[in-house]
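J.: Residue numbers (the UniProt record's numbering): 1 to 78.
Beta carbons: idealized from backbone N, C-alpha and C, even for Gly.
For reference, the structure I am asking about is given below.
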């Protein structure tokens, strides 16, 4: 196999990544905390967005960024 072989998507995994603004250091630079949560591969962008804000309601930190990261494993590998 290898170059020229037909690729197969072996698996798909998604993670919801939330970047929290947790405060400032002495010189005024923001402190960010990055949290990644595995989610079902069928989750939609809207569901991920809503989930992030549902989690935000449980903390005093503010959301700086929301990412839905999709990872595909491809094969075959020789």
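With residue 47 as the anchor, note down where its alpha helix (DSSP H) starts and where it stops.
T.: 45–56
J.: Considering only the alpha carbon of each residue, which of 62, 73, 76 and 75 lies closest to residue 30?
T.: 62
J.: Tell me the DSSP secondary structure of residue 26 in three-state form.
T.: coil
J.: Looking at the unbroken beta strand (DSSP E) that takes in residue 70, where does it start and where does it end?
T.: 62–75
J.: Quick check on this structure: which residue in 20, 9 and 14 has the alpha carbon closest to the alpha carbon of residue 66?
T.: 20
J.: Measure the alpha-carbon distance for residue 12 versus residue 38 and round it to whole angstroms.
T.: 12 Å
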